[in-house]
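The sequence shown maps to residues 0 to 433 in numbering that gives the first Met the number 0.
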Amino acid sequence: MSQKPLPGFRDFYPEQFAERAHIFETWRRIVRRYAFLEYDGPPLEPLELYTQKSGDEIVTQLYNFVDKGDRPVAMRPEMTPTFARMVGAKAQTLRKPVRWFSLPQLFRYERTQKGRLREHFQLNVDIVGESDVLADAELISMAIEIMRSFGLTNTDVRARVSDRRLLNGLLEHLAIPDTSWPAVYAVLDKLERQPREVSAEKLAAAGLPTETAEIILGFATLDFAAVQARYGEAPAVKPHLDRFAEYLAHLDALGVASWIRFDLTIVRGLAYYTGIVFELFDNVGEFRAICGGGRYDNLLKSLGGADLPALGFGMGDVVIGELLRSRGLMQSRGTALEFWIAQSPEQASAPAGALQTATAMRQAGCTVEYALKAQKLDKQVDAGRKAGAHAFVIVDTASTDAPWRVRRAGHDDQIFTTLEALCAWASLQNGSRS
Ligand code: HAM
C-alpha cells in the first residue's frame with residue numbers, strides 16, 4: 000500500500016490545512032464585503048453538463064464514469080455549469096442581479112505540474128442579470144481587492160483584460176470568416192508560449208493570408224490606445240471600443256486602474272465566454288494564472304434556463320498559495336492552545352479534578368488540553384510545554400486553600416479558590432487575545 004495520495008491530490012496535514020484556512024478566510028471575508036451570498040452544489044453531476052458547454056480541454060480532463068444506475072456522471076471540473084443550472088432553474092424568483100459565491104473542490108485529470116493539480120479548491124464569484132459593464136468592473140475590482148488583502152500589490156500581480164466582442168469585431172473588420180475564429184482564438188491564447196513560426200503556420204492552415212496573419216501576430220503588443228488609434232473608426236469595432244472605454248473609466252473610479260493591462264491575447268479556453276474576459280498573473284511570469292473569468296451571456300439559456308446575462312471568475316487555491324509562499328506572505332494560524340491542565344498530586348486513577356476543570360473551562364470558551372492518562376506532575380507539565388500551552392492550570396484536589404494554581408511565564412502564580420472564579424478569569428484572558 001503506497002504511503003502517498005494519488006498523483007495530483009493533496010494530503011492537508013494541520014500545517015497545510017492552516018494555510019488553506021488562511022486562503023479561505025481571506026476569500027470569504029472580502030467577498031462578503033461585496034455582498035455576495037454563499038451557495039454550493041453537488042460534486043458529482045451528469046456528464047452531459049460538461050460535454051456540451053465546457054470546451055474540449057476540460058472534457059478531455061474529466062473524471063467520469065457510469066454509476067450503478069447506468070447514468071454517465073462526472074466529478075465537477077468547474078463550477079460554472081452547476082451555477083448556471085441552479086440559477087436558471089429558479090431565475091423567476093431570484094432577486095436580480097444574483098450575486099453568489101462558492102468554494103468548491105474541483106477535479107480535472109490534468110498533467111500535474113507546478114500550479115496544476117488534479118484537484119483544487121476554487122473560489123467562484125458570479126453575477127447574473129446585469130449586462131452593463133459596471134458589473135464587469137465590480138467583479139474584477141473584487142478579484143484585485145482579494146490580492147490586496149493577501150498583502151500583494153500591483154507590482155506583484157497584473158490583471159490582463161480583453162473583450163471577445165471587441166476581438167470578434169476586429170476579426171470581422173479584417174475579413175476573417177467566422178469559421179476560422181476558433182483557430183485564431185487558439186493561436187492568440189498560446190501566442191506567448193508558442194514559437195512565432197508555429198503560430199504563423201497555424202494561422203496559414205486556418206486559411207489566413209500572410210498579411211492578415213501578421214496583423215494577428217502583432218495583437219500581443221497592442222495596448223488599448225493603439226487599438227483605438229488604428230481601428231477606432233471601423234464600424235465593426237467602434238461600439239466595442241466605446242464600451243471598453245467605459246469599463247476602463249469604472250475601473251479608474253474603483254481605484255484599480257493601475258493593476259489592469261489591456262491584452263488581446265487573453266481569450267480564455269472555456270467555450271462559453273461572450274464578452275469581457277480576464278486573467279490575473281504574477282508580474283514576473285513565474286506562475287500559471289491566479290484567476291480567470293469573464294462574461295458568459297448565453298450559457299443560462301443554452302442550459303435550458305432563463306435568458307439572462309452572466310459573468311464571473313474562478314480563483315484557485317494552488318497558484319495563490321505558491322505565490323504567497325514565494326513572497327513570504329503566507330499566514331498559517333492553527334488553533335492556539337491556551338491552557339494545559341495538570342493534576343497534582345499524581346493519581347493512579349482518572350484525574351477527576353482535571354477533567355471537571357477542563358469541562359468548565361471549555362464551556363467558558365477556552366482552548367484546553369490535558370494528559371490523556373495518569374502521569375507524574377513534571378511529565379504532565381513537560382507534555383504541556385511541548386504542546387505550546389500559554390499557561391498551566393495545576394489542580395490540587397487535596398488542597399483546600401489553593402485548589403487551582405495558574406502558572407505562566409513571566410507572571411507570579413495566581414491562586415483561585417473556586418472553579419467559577421478561574422473560568423471567569425480565563426475567559427477574559429481568552430477575550431483579550433482573540
Ligand atoms: P479556469 O480558468 O479553468 O476557469 O480556472 C480558474 C482558475 O482555477 C485558474 O486561473 C487557476 O487558478 C485555477 N485552476 C484551474 N485548473 C486548475 C488545476 N488543475 N490545478 C490548480 N488550479 C487550477 C474556470 O474554471 C471558470 N469556470 C471560472 C469562471 C467562473 N468563469 C465564470 N465564472
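We treat Cβ as the ideally placed atom computed from N, Cα and C, and that holds for glycine.
As assigned by DSSP and simplified to three states, the class of residue 275: DSSP, read as helix, strand or coil, puts residue 275 in strand.
Please report the straight-line C-alpha distance between residue 135 and residue 119, rounded to a whole angstrom. Each residue's alpha carbon lies about 25 angstroms from the other.
Which of the three DSSP states is assigned to residue 200 in this structure? When secondary structure is reduced to three states using DSSP, residue 200 falls in the helix class.
Where in the region 94-160 do unbroken runs of the alpha helix (DSSP H), each at least 4 residues long, occur, reported from the N-terminal end onward? Counting whole runs of 4 or more residues, the region 94-160 contains the alpha helix (DSSP H) stretches 132-148.
Count the other C-beta atoms from every protein chain shown that fall within 10 angstroms of the C-beta of residue 82, then say buried if there are 16 or more, exposed otherwise. In summary, residue 82 is buried, with 16 or more beta-carbon neighbours lying within 10 Å of its beta-carbon over all protein chains present.
If we call anything under 8 angstroms between Cβ atoms a contact, is residue 122 one with residue 313? Yes, these two residues count as a Cβ contact at 8 angstroms.
I'd like to check one pair, residue 319 with residue 22: are the Cβ atoms closer than 8 angstroms? Yes; because the gap between Cβ atoms is below 8 angstroms, this pair is in contact.
For a test of the three-state rule: what should DSSP assign to residue 13, helix, strand or coil? Collapsing the DSSP output to three states places residue 13 in a helix.
Simplified DSSP state of residue 340, which is helix, strand or coil: Residue 340 falls in the strand class under three-state DSSP.
Cβ separation of residue 3 and residue 302, assumed to be a contact under 8 angstroms, to the nearest whole Å: A Cβ-Cβ distance of about 38 angstroms is found for the pair residue 3 and residue 302, leaving them out of contact under the 8 angstroms criterion.
Quick check: what's the CA-CA separation for residue 75 versus residue 315? The straight-line gap from Cα to Cα measures roughly 14 angstroms.
Take residue 111 and list the residues in its own chain whose beta-carbon comes closer than 8 angstroms to its own, dropping the five residues that flank it on each side. The beta carbon of residue 111 lies closer than 8 angstroms to those of 6, 7 and 117 in the same chain, with the five residues before and after it left out.
Measure from the alpha carbon of residue 29 to the alpha carbon of each residue in 80, 322, 147 and 408, then state which is nearest. For residue 29, the closest alpha carbon among the candidates 80, 322, 147 and 408 is that of 147.
In the DSSP assignment, find the beta strand (DSSP E) that holds residue 404 and state where it starts and stops. Following the DSSP letters along the chain, one finds residue 404 inside the beta strand (DSSP E) bounded by residues 403-406.
Assuming residue 195 and residue 216 are in contact, meaning their beta carbons sit under 8 angstroms apart, how far apart are those beta carbons, in whole angstroms? 6 angstroms between Cβ atoms; contact.
Within the same chain, show all residues whose beta-carbon is closer than 6 angstroms to that of residue 400, passing over the 5 residues directly before and after it, in chain order. So the list is empty, once near-sequence residues are dropped.
Within this structure, are the beta carbons of residue 162 and residue 274 separated by less than 8 angstroms? Yes, the pair counts as a contact, with Cβ atoms nearer than the cut-off.
For residue 314, verify whether its CB is less than 7 angstroms away from any heavy atom of the ligand HAM. Proximity of the beta carbon of residue 314 to the ligand HAM is indicated: a heavy atom of the ligand is located closer than 7 angstroms.
Based on Cα-Cα distance, which residue from 257, 294, 267 and 304 lies nearest to residue 282? Comparing Cα-Cα distances from residue 282 to each of 257, 294, 267 and 304, the minimum goes to 257.
Short Cβ contact (8 angstroms threshold) for residue 160 with residue 265: In contact: residue 160 and residue 265 (Cβ atoms closer than 8 angstroms).
Close Cβ partners of residue 227 (< 6 angstroms) along its chain, the five nearest in sequence each way excluded: Result list for residue 227: 240, in chain order.
Under 7 angstroms Cβ to Cβ from residue 18, same chain only, skipping five residues before and after it: list those, please. Cβ-Cβ distances below 7 angstroms link residue 18 to 320, 329 and 331 in the same chain, with the five nearest sequence neighbours on each side left out; the list follows chain order.
Length of the line joining the Cα atoms of residue 170 and residue 243: Per the coordinates, the alpha-carbon of residue 170 lies some 17 angstroms from the alpha-carbon of residue 243.
Closest by C-alpha distance to residue 235, when choosing among 167, 202 and 293: For the residues 167, 202 and 293, the minimum Cα distance to residue 235 belongs to 167.
Would you mind sorting residue 137 into buried or exposed? The rule is 16 or more other CB atoms within 10 Å of its CB. Label assigned to residue 137: buried.
Could you have a look at residue 162 and say whether DSSP puts it in helix, strand or coil? DSSP places residue 162 within a strand segment (E or B) once states are collapsed to three.
For residue 364, which of 421, 412 and 187 has the nearest alpha-carbon? Distances from the CA of residue 364 to each of 421, 412 and 187 were compared; the closest alpha carbon is that of 421.
Nearest to residue 402 (by Cα), restricted to the options 415, 69, 33 and 362: Out of 415, 69, 33 and 362, 415 has the C-alpha closest to the C-alpha of residue 402.
Residues near residue 107 in its chain [Cβ-Cβ closer than 7 angstroms; skip 5 each side]: Excluding residues within five positions, the ones whose Cβ falls inside 7 angstroms are 57, 60, 76 and 117.
Where the alpha helix (DSSP H) containing residue 369 begins and where it ends: Where residue 369 is concerned, there is no enclosing alpha helix (DSSP H), although the beta strand (DSSP E) it sits in stretches over 367-369.
DSSP state of residue 255, grouped into three classes? It is coil, neither helix nor strand.
So residue 299 packs on residue 87, CB below 8 angstroms; how close in whole Å? Approximately 5 angstroms separates the beta-carbon atoms of residue 299 and residue 87; this is inside 8 angstroms, confirming the contact.
Between the Cα of residue 335 and the Cα atoms of 372, 352, 353 and 386, which residue gives the shortest distance? Looking at the Cα atoms, 386 is the closest of the given residues.
Closer than 6 angstroms by C-beta to residue 66: which residues in its own chain qualify, once you throw out the five before and the five after it? Chain order, please. Close CB contacts of residue 66 within its chain, under the 6 angstroms cut and outside five residues either way in sequence, are with 72 (chain order).
Mapping DSSP to helix, strand and coil, what is residue 433? Low confidence applies here, because residue 433 scores a pLDDT of 47, under 50, leaving its location unreliable and the question unanswered by this model.
Output yes or no for whether 8 angstroms exceeds the beta carbon distance between residue 322 and residue 343. Contact: no.
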